[in-house]
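Engineer: For the sequence shown, position 111 (counting from the first letter as 1) is numbered 129 according to this note's numbering, and the numbering increases by one without interruption.
We put the CB at the ideal spot given by N, CA and C, even for glycine.
Model, not experiment: these values are computed from the prediction.
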Amino acid sequence: GGGGSGEGAHGEAGNRLDDSQFFEDIMASYRTECADFAAGVARGIRALLLELPASQIDVLGVGAAVVETIIAQVASQLRREPAMPAEVAQQIHAGLCPVEEASDGAFCAEWQRLLA
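#1: Please work out which residues of its chain come closer than 7 Å, Cβ to Cβ, to Val-59, disregarding the five sequence neighbours upstream and downstream, and give them in chain order.
#2: State the Cα-Cα distance for the pair Gln-108 and Ile-89, rounded to the nearest angstrom.
#3: Could you give the distance in angstroms between the alpha-carbon of Ile-75 and the alpha-carbon of Leu-114?
#4: Cys-126 and Ala-72 look like a contact to me (Cβ under 8 Å); what is the Cβ gap, rounded to whole Å?
#5: Distance check for Arg-97 and Leu-78, CA to CA, integer angstroms please.
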């Protein structure tokens with residue numbers, strides 16, 4: 019049989035729409051994966067800093083150096099090929115000091131100021 023030869027222009031347009039939807043689905047999935055990655059990085063940084071109680075270290079001295087080093091390393095990793103989209107760094111930063119958690123007491127004000 020001559021199966022696919024009778025589709026004509028309508029079949030090609032349908033394929034383009036299918037391809038476009040497939041691409042959009044992939045991009046939406048990729049954006050979700052990036053957002054999940056960013057949230058995980060932010061949670062990890064916060065967990066690490068919570069293990070360094072502000073009452074036991076010089077937050078403005080040692081703490082500032084720790085935060086700068088962590089942020090620099092994360093930024094360096096995000097730039098490695100294949101580089102992550104710029105939105106990932108923004109999402110990580112937003113996740114470090116979420117507004118809804120700013121006054122919950124779990125994450126001390128000193129760390130919040132350094133991360134802002």
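Structural biologist: By the coordinates alone:
#1: Val-92 and Ile-110
#2: 12 Å
#3: 20 Å
#4: 5 Å
#5: 28 Å
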